[in-house]
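Visitor: Residue numbers (UniProt numbering): 1 to 156. Beta carbons are placed, not taken as given, at the ideal position from N, Cα and C, and that holds for glycine. Here the structure is a predicted model, which means the values were calculated and not measured.
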């Protein structure tokens with residue numbers, strides 16, 4: 001189970017990094033994102049998404065399941081942050097404070113510039129930004145990784 005959990009975490013992190021840096025339009029639209037935005041997103045979120053894997057390895061090597069549970073908590077918090085960023089505006093109209101940190105834009109403006117032309121499968125809800133398919137897949141990967149890390153923690 002440990003290897004499976006590690007692969008799930010690494011897959012979610014790799015997916016995040018690749019889809020943040022590489023242009024796969026219309027799946028993503030990073031060509032419209034500023035280089036500094038892409039690099040900042042990877043520099044901030046990439047290590048956070050990798051941390052559960054490191055904690056799992058450390059937990060296994062040290063025989064300390066608490067570290068694996070900490071990894072599961074980190075993965076869950078990252079997932080909840082992503083869901084809050086994307087789904088709160090869509091479902092409730094509320095935008096989380098960190099949505100546009102340092103950009104000087106509203107979430108709606110940033111979304112319109114960088115994500116609005118990407119593949120979306122959700123219906124419109126007024127003028128609320130919609131989660132795109134790229135992020136729906138990322139959130140699914142993170143959810144599965146969370147379950148995998150938690151399961152691995154329970155088996156250590």
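Can you find at least 3 beta carbon pairs, one from the stretch 76 to 89 and one from the stretch 131 to 148, that sit closer than 8 angstroms?
Guide: Judged by Cβ distances under 8 angstroms, the stretch 76 to 89 makes contact with the stretch 131 to 148, as three or more pairs qualify.
Visitor: Contact between the stretch 141 to 155 and the stretch 72 to 84 is defined here as three or more beta-carbon pairs at a separation below 8 angstroms; is this criterion met?
Guide: Yes, the stretch 141 to 155 is in contact with the stretch 72 to 84.
Visitor: Among the candidates 154, 106, 70, whose CA atom is the shortest distance from the CA of residue 54?
Guide: Nearest C-alpha to residue 54: 70.
Visitor: Please tell me whether residue 30 and residue 22 are closer than 9 angstroms, where the distance is taken between their beta carbons.
Guide: Yes, these two residues count as a Cβ contact at 9 angstroms.
Visitor: Between the stretch 90 to 104 and the stretch 45 to 53, are three or more C-beta pairs nearer than 8 angstroms?
Guide: No, they do not touch.
Visitor: With a CB to CB cut of under 6 angstroms and the five nearest residues on each side skipped, what residues in its chain are close to residue 117?
Guide: Here the set comprises 29.
Visitor: Considering only residues of the same chain and omitting the five flanking positions on each side of residue 122, which have a CB-CB separation below 6 angstroms?
Guide: The answer, listed in chain order, is 130.
Visitor: Residue 5 and residue 56 look like a contact to me (Cβ under 8 angstroms); what is the Cβ gap, rounded to whole Å?
Guide: Indeed they touch by this definition, with Cβ atoms about 6 angstroms apart.
Visitor: For residue 127, count neighbouring C-beta atoms within 10 Å of its own C-beta (all shown protein chains included) and say buried if the count is 16 or more, exposed if not.
Guide: Exposed: under 16 other Cβ atoms inside 10 Å.
Visitor: In angstroms with no decimal places, state the Cα-to-Cα distance between residue 120 and residue 101.
Guide: If you take the alpha carbons of residue 120 and residue 101, they lie about 24 angstroms apart.
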